[in-house]
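Visitor: Everything in the sequence shown is counted per our numbering, starting at 1 for the first residue and increasing by one.
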Amino acid sequence: MLLTSVTSKGQITIPKTIRKQLGIRKGCKIQATLVGDHIELHLSEVIHEQPTTGFAMLKSNRTAVPADFDPAGLLNHDRT
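1. Could you compute how far the alpha carbon of Pro-15 sits from the alpha carbon of Thr-4?
2. In three-state DSSP terms, what is Ala-32?
3. For Ser-44, I'd like the list of residues in its chain whose CB is within less than 8 Å of its CB, leaving aside the five on either flank, ordered along the chain.
4. Determine the direct distance from the alpha carbon of Gly-23 to that of Asp-68, and round the result to whole angstroms.
5. By Cβ distance below 7 Å, which residues in the same chain neighbour Val-46 in space, the five residues on each side in sequence not counted?
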């Protein structure tokens, strides 16, 4: 049995070894039930694997810039 404490906001920390075994991560839903003199926690919704990079996570309303775009071409070379 692993010991944990309650914060001033009534929150508890589920030990890391238990979180790993059950696949509990940020955003998972856990149901708490009072049974006699103890609390039972049941995992009700598991969040699937989070992406490890931010690639393709952000969306933009701007039109895409071609890969061969040269910003130097926008400079006015006629300055004399």
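Where is the CB? At the ideal position from N, CA and C, for every residue including glycine. These numbers were taken from a predicted model, which means no experiment stands behind them.
Guide: Let's see:
1. 7 Å
2. strand
3. Lys-29, Ile-30 and Gln-31
4. 44 Å
5. Gly-23 and Cys-28
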